[in-house]
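Residue numbers for the sequence shown follow the working numbering, so the first one is 1 and each next one is one higher. Just so you know, even glycine gets a beta-carbon here, dropped at the ideal spot from N, CA and C.
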Amino acid sequence: MSEGFKGLRLYNTLSRAKEDFRPLDWEDPAIPEAEKRVRMYVCGPTVYDYAHIGNARPAIVFDVLYRLLRHLYGADRVTYVRNITDVDDKINARALRDYGAEIAAGRLSLNEAIRKVTEPTYEQYQKDVTALGCLQPTFQPRATEFVLPRADGKADMVTLIQSLIDRGHAYVSDGEVLFDVTSMADYGQLSKRPLDEQQAGARIAVEAHKKNPADFVLWKESTAEEPGWEAHFDLPGGGHVHIHGRPGWHIECSAMSAAYLGEVFDIHGGGLDLIFPHHENEIAQSRCAHGTEVMARYWLHNGFLQVEGRKMSKSEGNFVTIHELLQGVGRKPFAGEVIRLTMLATHYRQPIDFSESRLEYWRSRLAEWVERFAVYASSTLKNDFLIGVEQIPSDEVIASLSDDLNFSGVIAHLERLATEAPKKTESADQLGKDLVWLGFFRTYMKDAYFESTAFGVQPYLYEKYRNLIPLAQALTLNNYRWQSSLEDRMRSRNELNERFKQLNQEMARDAVALVLDEHGGISLLPLSIDAKSDEVAIQDAIARRLAFIATKNWAEADRIRDELLAQGIQLKDGKDPATGERTTTWEVKR
């Protein structure tokens, strides 16, 4: 295995083949070993509104790749950039609507106004992807910060556009700076589309005054009433032009990737829908501006997402944001870990049909895996988790992910460990380590994944409200601030207990309540005498059943067991370890 190759193979959209991953820095002997880095760029969200669940898929997929690269090359040897798009005509319009007077009076710059209108959606996105188990990227640059030349000399959009003009790849026409696609001999190599089939594609309006139909906008003029940036461009022959305007969509990623990763880097990722026009045009801009053979060596794309068998859209009524799914807005809430597992259970390059039934299935699987760990793992490992000892994933997980993020192999491995856990402590331990490393399990919140109780509640009330327990568990995992200060933790518990009341307002009438304990466990508790179960009657029935068993009257013993089960009371038979006599305990059936 050559230096730099660690066994990782990735499907490269550029070549339409699976290739060995060999980072660029490891092929350059002039770069000192300590300075070698794996460099990855992934297209992030437009923060005009809350991110939808389609945006969750690349965040999760490339988080797994980020974790894998950190494991293979070292946590401090991977630079991961995920941009924030806050340059958008709808965002500009909102900034003008809300802060137009301040902008006009010079009290706010356009960038400051945009920051104000996008900060809530930006912050929500950060909370959403954190709940999905995603690590923070190394850098999350905002597009607005890279429009104009910067004091630190990092790449910016206006300077890149000027370079394209200077090199003969861009021209000015009717207030626009456009990229001339015929100036690049191999334009279209990523999408493999013939030039005459391609469309301009941009997030801003494009008028038909171009040399070629496929030419795309680099800079677009704004009217005097519209917000924009002041850009000056030198033209061939000594002329120059000043355009009050805003950048086209594609140029921002060329600028931000170059600013943090250089002119050529290792991996560029995003959704399949970005191959054309966005990524195709990124390649054209970057290569032509820098004079390089490639922009990124490996191009990875995750597949499309449908919801309940249909394309997600507001007109279809199936448009779902990450926030809505996490918080149960208009639907059942699901824990971020469950959403993460559901997304990864389908190979990242394949289309996925995202449905509530899939979420329910993977919720139950994850709950079982965590319970197997919690019951059978060694106390040594549990203590290591409590004090934050970093855990190493199993070789099987790394080997499977190294085959183009093959997650089916990971799931098969987790299932095997869960099956072995009751008899092999080391399997239970490894199960916990793998779940934590994969972002599926926060050990300090283990009770919230599967632990629920019903202390002395009438069985019929437990049956009535038991379906609310998974919802309360999801809200707990997504919102409980267990790692904060004791005061804030208590505040968070109180907030969640109030939210639980809203899951079904009949609970108040029936005098029961869902209550969160300190470590994330959920209990259904009676609030009145009428709501309490008759424990004396249950114990009397158990005593009579044991008497029938002692006389081998199995029919009567079974009748009592079945009557209690019909009331929601599950009996558990065992033996007293000291005397060897039969003992029976009971619980409300889950």
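Counted within 10 angstroms of its Cβ, other Cβ atoms place Trp554 as buried (16 or more) or exposed: Burial state of Trp554 is exposed, judged by a 10 Å Cβ sphere holding fewer than 16 other Cβ atoms.
Residues that DSSP places opposite Lys154 in a beta bridge: The partner list for Lys154 (beta bridge, DSSP) is empty, contrary to what the question assumes.
Three-way DSSP call (helix, strand, coil) for Pro42 in this model: The amino acid occupying residue 42 in the given sequence is Val; Pro does not appear at that position. The three-state reading of DSSP puts Val42 in strand, counting E and B together.
Neighbourhood of Pro194 by C-beta distance below 8 Å, restricted to the same chain and skipping five residues each side: These residues qualify, in order along the chain: Gly188.
Among Asp395, Phe373, Arg331, the one whose alpha carbon lies nearest that of Ser357: Distance from the Cα of Ser357 is smallest, within the candidate group Asp395, Phe373, Arg331, for Arg331.
Glu495 to His279 span [Cα, whole Å]: The straight-line gap from Cα to Cα measures roughly 44 Å.
Inter-residue CB distance, Ser427 and Leu417 (contact presumed, cutoff 8 Å): Your pair Ser427 and Leu417 checks out as a contact, with CB atoms roughly 5 Å apart and the cut at 8 Å.
Cβ-Cβ distance between Val512 and Val588 below 7 Å: Not closer than 7 Å, so no.
Glu587, enclosing beta strand (DSSP E) - first and last residue: Here the beta strand (DSSP E) through Glu587 covers 582-588.
Cβ neighbours of Ala205 in the same chain (closer than 6 Å, five flanking residues each side left out): Bear in mind that a pLDDT of 47 at Ala205, under 50, signals an unreliable position, so the number given afterwards is only what the model happens to contain. Result list for Ala205: empty, nothing under 6 Å.
Reference Leu160; option with closest CA among Thr118, Trp437, Leu218: Answer by Cα proximity: Leu218.
Contact under 7 Å by Cβ, Ser173 with His209: With respect to His209, Ser173 sits close: the two C-beta atoms are nearer than 7 Å.
Three-way DSSP call (helix, strand, coil) for Arg481 in this model: The answer is coil: DSSP assigns Arg481 none of H, G, I, E or B.
Length of the line joining the Cα atoms of Leu305 and Ser313: Rounded to the nearest angstrom, the two C-alpha atoms are 11 Å apart.
Thr342, buried or exposed, once every other Cβ within 10 Å from all chains shown has been counted against 16: Result: buried.
8 Å contact criterion, which Phe373 and Ala421 should meet: CB distance rounded: Right, their Cβ atoms sit about 7 Å apart.
Candidates Ile165, Asp128, Lys424: closest to Gly238 by CA position: Relative to Gly238, the option among Ile165, Asp128, Lys424 whose CA is nearest is Ile165.
Which listed residue (Ser379, Thr130, Leu471, Lys18) has its alpha carbon closest to that of Gly56: According to the sequence shown, residue 56 is Ala rather than Gly. Of the listed residues, the one whose Cα sits closest to Ala56 is Thr130.
Coil, strand or helix - Leu148 by DSSP: If DSSP states are grouped into helix, strand and coil, Leu148 belongs with coil.
Span separating the alpha-carbon of Gly520 from that of Leu108: Their Cα atoms are separated by approximately 45 Å.
Where Asp488 falls, given that 16 or more other Cβ within 10 Å makes a residue buried: Burial check for Asp488: the Cβ neighbour count within 10 Å stays below 16, so the residue is exposed.
Helix, strand or coil at Gln458 according to DSSP, with G and I counted as helix: DSSP, read as helix, strand or coil, puts Gln458 in coil.
Straight-line gap, Lys572 to Thr551 (C-alpha atoms, nearest Å): Distance between the alpha carbons of Lys572 and Thr551 is about 19 Å.
Status (buried if at least 16 other CB within 10 Å, exposed otherwise) for Ala595: No answer is possible for residue 595: the residues shown for the chain start at 1 and end at 590.
Where Ala578 sits in the DSSP three-state scheme: In the structure shown, Ala578 sits in coil (DSSP, three-state: anything other than H, G, I, E or B).
Contacting residues, own chain, Cβ-Cβ under 8 Å from Asp86 (five flanking each side not counted): Answer for Asp86: Thr46, Val47, Ile114, Arg115, Thr118, Tyr122, Arg142, Ala143, Thr144, listed in chain order.
CA nearest to the CA of Tyr11, picked from Ile529, Trp299, Pro459: Here the closest residue by C-alpha is Trp299.
Burial state of Asn467, where buried means 16 or more other Cβ atoms lie within 10 Å: Around the beta carbon of Asn467, fewer than 16 other beta carbons sit within 10 angstroms, so the residue counts as exposed.
Rounded straight-line distance, which links the Cα of Ala541 to that of Ala566: Spanning the two alpha carbons is a distance of roughly 13 Å.
Distance between Glu371 and Glu270 (C-alpha atoms, nearest Å): Looking at the sequence provided, one finds Gly at residue 270 rather than Glu. CA-CA distance, Gly270 to Glu371, rounds to 35 Å.
Sequence-distant residues of the same chain with beta carbon closer than 8 Å to Ser355, five excluded per side: Result list for Ser355: Val307, Glu308, Gly309, in chain order.
Buried or exposed (CB count within 10 angstroms, at least 16 for buried), Leu68: Under this definition Leu68 is a buried residue.
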